[in-house]
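Residue numbers (the working numbering), protein chains in the order written: chain A, -6 to 378; chain B, -6 to 378; chain C, -6 to 378.
Each remark here refers to the structure printed beneath this line.
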Amino acid sequence: MVSRGEFCSAVLAVFFEYDTNKIVHIKSKKVGLINRFIQLVIIVYIVGYVIVYKKGYQEFQEPYSSVTTKVKGVSLTNLSQQLALYGGVHVWDSSDFVIPPEEDNAVFVMTNMIISPNQTQSTCPEDPKFPNVKCTKDSDCPPLKPVENGHGLRTGKCVLSDREKNKKVCEIYSWCPVEIDELPMPGNNPSKHMPLLGAAKDFTLLVKNNVQFPKFQETARNIKSTGNASYLKGCHYDPKTDPLCPIFKFDKMFELANITFEDIAFQGGVMAIIIKWNCNFDPLAYSCEPKYQFTRLDDSKSPIAPGYNFRFAKYYVKDNVLYRTLLKAYGIRFAILVYGEGGKFSPIPLFLNLGSGLALLGVATVLCDIVVLYVLQKKYFYREK
Amino acid sequence: MVSRGEFCSAVLAVFFEYDTNKIVHIKSKKVGLINRFIQLVIIVYIVGYVIVYKKGYQEFQEPYSSVTTKVKGVSLTNLSQQLALYGGVHVWDSSDFVIPPEEDNAVFVMTNMIISPNQTQSTCPEDPKFPNVKCTKDSDCPPLKPVENGHGLRTGKCVLSDREKNKKVCEIYSWCPVEIDELPMPGNNPSKHMPLLGAAKDFTLLVKNNVQFPKFQETARNIKSTGNASYLKGCHYDPKTDPLCPIFKFDKMFELANITFEDIAFQGGVMAIIIKWNCNFDPLAYSCEPKYQFTRLDDSKSPIAPGYNFRFAKYYVKDNVLYRTLLKAYGIRFAILVYGEGGKFSPIPLFLNLGSGLALLGVATVLCDIVVLYVLQKKYFYREK
Amino acid sequence: MVSRGEFCSAVLAVFFEYDTNKIVHIKSKKVGLINRFIQLVIIVYIVGYVIVYKKGYQEFQEPYSSVTTKVKGVSLTNLSQQLALYGGVHVWDSSDFVIPPEEDNAVFVMTNMIISPNQTQSTCPEDPKFPNVKCTKDSDCPPLKPVENGHGLRTGKCVLSDREKNKKVCEIYSWCPVEIDELPMPGNNPSKHMPLLGAAKDFTLLVKNNVQFPKFQETARNIKSTGNASYLKGCHYDPKTDPLCPIFKFDKMFELANITFEDIAFQGGVMAIIIKWNCNFDPLAYSCEPKYQFTRLDDSKSPIAPGYNFRFAKYYVKDNVLYRTLLKAYGIRFAILVYGEGGKFSPIPLFLNLGSGLALLGVATVLCDIVVLYVLQKKYFYREK
């Protein structure tokens, strides 16, 4: 058994002794230069690229974001009087063309539409454009079978179409009369591919974005409370002259995204408003400002359902009968995507990068050892040592 | 003081000299094997698992996503004529049962409902099911005190219920008559737990998803513009035969999520459509395709508010009085969750992993040193050295 | 050429030999203590801070989340009879003041409003508050030019204002009469800055949150299916007494966010309900519970568009004319932000941290070498060795 005194002195020895590697001192310009050069490259990579350029001393977080929007503008249509409530001169303001009135991180602005007025629950001939609705006799129309992708369920009768002369189609239970799914609507369009709400070009969009970095307990807004109110109220975003103005003119956004208004407004489409936050929360280098980018997200040449549209209905009651006006809304969906990251000093990534870098520095020595041991001429001499 | 010449030669010496550790060469099969084995394990771990299998040479980013949807289908109800505008044969199409008409990353399809027609602002007896509304005299009903979770504010009167015979309840200011909160509604339901819009089983959902990886300046879509249009228009997703078709039949989704249509459609529920992108943007191994998964998110056995429903109203005016039809909509909320990551070669994670791995290799030497110094028999000999 | 036997024995030699550094054993209390202290600091940092405290042995993922909400409450207004359909005693329930009826990760509750009843498509004088609408003669009003941020397009006539006596303004095509954009509305407000739906203070919000961690194939809900149903139905969240109750009273949330109800409800605002999940999926330390936090997101002192509001319209038809009631809705937008992360043991981060830490331990030796070589008194002796 080990006596207590011996044990203690052994423990103390461990604490008070120090082992270091015995070093062989080699004087060789070649080996020295190679060694220093490899070390230099690694140090420059670690310190210059990883730590300084890529901010390897910081911990990062992507922002949590909340976006609210406001669209301003009015547009006028002068559609044919057949469109009942929407015929003649009709002014559209933001509560008419922003649907739904608010969304999180997105806003939809209707720029074109197909209006089907005065629909009621009844029976009527289906649109002959659908497959499997043409018929010659009643038995071609199995009762209560829905028309695929169509407007209703077959009643079991084969009737004359109200659209194409002398063609017989299945009669359906539906909201009648069924929609005429064709653009443009008859009316005031000067050109064939001009959207109905052509004034949308001049609409403006106000974006209020609040980002949070809970890891650092930091928060930032795209509208500074120290801003100049009268400037902010009247400004329009421009990447060069007004890069921090939060009000965007539609045509400016399309210009910056390299698309034309007619392209996206006639058939609809999805635009991304990208807000990039690159925030540095280190006290000495504090900066946190958004950058805006614009790009079209959807594929205008998509093989199915190109553009962007959806249908919605407005209901009303007349003489105790439920009516609806069906609108097929084409328009621009702005998706506001908040990118970026905030960084703040943290010892963990710094030491992780440093430690990893030091290990890489070890590579230099290993490589040199190889050079010294196996490549250089005087190798036998060194190996002996 | 050091002379300039001395200083320079000292500096040069540092650059042209090279220190390497003096190495003790030990010939021992045991120690050598242990050492090589530990090194092998570490190298296999670093190179095989971390770098190759887990793609340790890549930088990753989760995608930023934009999703739009389109639901197609029609369903027919034949409710009792008491339901005024909604009684009798009534066809529901997507603009009726998709509420709101569009949402970001989600779509709600109403499959069941409670309709409360012809409500007006007035006074009426509260539903006796609520606590604290039963009364025997007017003083049990403090005026203007709201009924907890109820339909209105007490008027101060105690009146006979319109629902339960010979029961007295507080009268309230409310939209009257108040909703009868019971499923199913009287009508065409063949079975007790069949949702009203039973045809929803055969509805289809088109999902258009655009993902972006700003770090790599890459973008991808679930509908390829090079796709076969006629195929895409008619296809239905199937994990085996049509894994890239973006049109989903409702019953297929429920089947893949292991739930039945009746379960989720009668009481409502939340389904996740998970789109997994695993993209590799390295030029030689470029691949970026979505995978779809389906799962039910909500807890059908939740102790409070199981299923999914919400109320909304349709307003109309008759004889200068505001009316509303209140709908309690039960249905399926599809949340489209976009998961995954894109990866691309980057030196930082590669060198981080390599550096860290080299450091681990050092562990092998340390372990062997321990073995050599303290464990093996010839230790005294080695320590001396 | 090397014979096969020679080659084999050389390869075997590599496998069965082992190089270790020759060690210089230095007995010095000073150097030993410094060395041990630096090593101790690094080990405590790596093991104690990085690995244990910061869970360096775990892989993390932020949750994917789905949130649904339900608001309960009723409020009563008694506005002037001029407001047509909304005049007199009017009860507002959740289907009236939650707009739209459902949203993903958010809910808007209207607390104040400006109602513009009975608007029709027609011509009327613009609100004189807008710039460039005051006029003296018709030529001041270029026809079809829209009023900037205004309600319509100029007809070309200069007419008397219906708002300010003896002032002439441009006539516009618009929904007429145009909105009187002033708070508060004439009616039952006891104080000047009391929102119309003052009872919103007592509304409750039920939040159902489902989070997923696909990396670990884990899922969690804020309402446990094992919960006590009767407790959950009646409870109200309180950070101390009911920290897991998913029903939030509005005034409790404002109290916890350090704001007053009147502040946010009169002009509107954006509140964040932050749900923090800190989940540990390691089998022995399994825990996954949400924590709730409340904070106001928007800047009540924003230089432009302070507060939160949006306009929406309700349409109706009378005598074949389309009417609308325009509501400018002020209210509280609750954005439900789901933060946090789930962690589970993974060898990659553990070995990454260990490897990096071992490399840092190397720093200790390097520092000691420097001390030994250049600083301590007996240096000449050691260098010789």
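A virtual CB, placed ideally from N, CA and C, is assigned to each residue, including glycine.
Being a predicted model, the structure only gives us computed values, none of them experimental.
Quiz prompt | Where the region 192 to 203 of chain B meets chain A: residues whose CB sits under 9 angstroms from a CB there | solution = For the region 192 to 203 of chain B, residues whose beta-carbon sits nearer than 9 angstroms to a beta-carbon of chain A comprise 192, 195, 197, 199, 201 and 203.
Quiz item: In angstroms, rounded to a whole number, what distance separates the CA positions of residue 120 of chain C and residue 165 of chain C?
Solution: 10 angstroms
Exercise. Determine the burial state of residue 372 of chain B: buried for a count of at least 16 other Cβ atoms within 10 Å of its Cβ, exposed for fewer.
Key: Legend: pLDDT at residue 372 of chain B = 47, less than 50; position of this residue unreliable, value from coordinates given subsequently. Looking at its Cβ environment, which holds fewer than 16 other Cβ atoms inside 10 Å, residue 372 of chain B is exposed.
Self-check item: Positions along the region 209 to 223 of chain C whose CB lies within less than 9 angstroms of some CB in chain B
Solution: 212, 214, 216, 217, 218, 219, 220, 221, 222 and 223
Exercise. Might you give, ordered along the chain, the residues of its own chain that have their beta carbon closer than 6 angstroms to the beta carbon of residue 246 of chain C, omitting 5 neighbours on each side?
Key: 287
Exercise. Kindly confirm or deny that the region 83 to 93 of chain A and the region 121 to 139 of chain A touch, where touching means at least three C-beta pairs closer than 8 angstroms.
Key: no
Quiz prompt | Own chain residues within Cβ distance below 8 angstroms of residue 79 of chain B, not counting five before or after | solution = Cβ within range, chain order: 70, 72, 108, 110 and 318.
Quiz item: Is residue 109 of chain A close to chain C, meaning its C-beta is less than 8 angstroms from at least one C-beta of that chain?
Solution: no
Quiz prompt | Residues bridged to residue 53 of chain B [DSSP beta-bridge criterion] | solution = B:336
Practice problem: With DSSP as the reference, label residue 147 of chain C as helix, strand or coil. | Solution: strand
Quiz item: From residue 188 of chain C to residue 227 of chain C, what distance separates their C-alpha atoms?
Solution: 27 angstroms
Practice problem: Please list the residues of the region 160 to 173 of chain C that have a C-beta atom closer than 9 angstroms to any C-beta atom in chain A, keeping them in chain order. | Solution: 165, 166, 167 and 168
Quiz item: So, is residue 347 of chain B buried or exposed, given that buried needs 16 or more other C-beta atoms within 10 angstroms?
Solution: By the 10 Å Cβ count, residue 347 of chain B comes out buried.
Practice problem: Using a cut-off of 7 angstroms between C-beta atoms, extract the partners of residue 95 of chain C located in chain F. | Solution: Within the model displayed, chain F is absent; protein chains A, B and C are what it includes.
Practice problem: Output, in chain order, the set of chain A residues within a Cβ distance shorter than 9 angstroms of residue 265 of chain C. | Solution: 57, 59, 203 and 205
Quiz item: From the beta carbon of residue 88 of chain B, is the nearest beta carbon of chain A less than 8 angstroms away?
Solution: yes
Practice problem: State yes or no: is the beta carbon of residue 257 of chain A nearer than 8 angstroms to at least one beta carbon in chain B? | Solution: no
Exercise. Compare the C-beta of residue 69 of chain B against all C-beta atoms of chain A and say whether one is closer than 8 angstroms.
Key: yes
Self-check item: C-alpha gap between residue 174 of chain C and residue 295 of chain C, whole angstroms
Solution: 19 angstroms
Quiz item: Does any CB atom of chain A fall closer than 8 angstroms to the CB of residue 114 of chain C?
Solution: yes
Quiz item: Counting contacts by CB-CB distance shorter than 8 angstroms, is residue 45 of chain A in contact with chain B?
Solution: Not a single C-beta of chain B is nearer than 8 angstroms to the C-beta of residue 45 of chain A.
Quiz prompt | Helix, strand or coil at residue 437 of chain B [DSSP, three-state] | solution = Because chain B is modelled from -6 through 378, residue 437 of chain B falls outside the range shown and cannot be assessed.
Exercise. Name, please, each residue of chain B whose Cβ falls closer than 8 angstroms to the Cβ of residue 353 of chain A.
Key: 344, 347, 348 and 351
Quiz item: Cβ of residue 145 of chain C less than 8 angstroms from any chain A Cβ?
Solution: yes
Quiz item: chain B partners of residue 326 of chain A, CB-CB under 9 angstroms?
Solution: 59, 61, 95 and 97
Quiz prompt | Cβ-based neighbour list, residue 82 of chain C, same chain, cut-off 7 angstroms, excluding 5 preceding and 5 following | solution = 69 and 71
Practice problem: Classify residue 156 of chain B as helix, strand or coil using the three-state DSSP reduction. | Solution: coil
Quiz prompt | Distance, residue 98 of chain B Cα to residue 59 of chain B Cα | solution = 7 angstroms
Quiz item: If you draw a straight line from the C-alpha of residue 194 of chain C to the C-alpha of residue 215 of chain C, how long is it?
Solution: 24 angstroms
Quiz item: If you count every other CB in all the chains shown that lies within 10 Å of the CB of residue 33 of chain C, and 16 or more means buried, which is it?
Solution: Flag for residue 33 of chain C reads exposed.
Exercise. Counting only the same chain and skipping the five closest in sequence on each side, list residues whose C-beta sits under 8 angstroms from that of residue 139 of chain B.
Key: Counting only Cβ-Cβ distances below 8 angstroms, and skipping sequence neighbours, we find 145, 146 and 147.
Quiz prompt | Span of the alpha helix (DSSP H), counted from its first residue to its last, around residue 222 of chain C | solution = 222 to 227
Quiz prompt | Reduced DSSP category for residue 246 of chain A - H, G, I as helix; E, B as strand; rest coil | solution = helix
Quiz item: Over what stretch of residues does the beta strand (DSSP E) that includes residue 262 of chain B continue unbroken?
Solution: 262 to 273
Quiz item: Which of the residues in the region 125 to 149 of chain A, read from start to end, lie with their CB under 9 angstroms from any CB of chain B?
Solution: 137, 139, 140, 141, 142, 143, 144, 145 and 146
Quiz item: According to DSSP, is residue 284 of chain B helix, strand or coil?
Solution: strand
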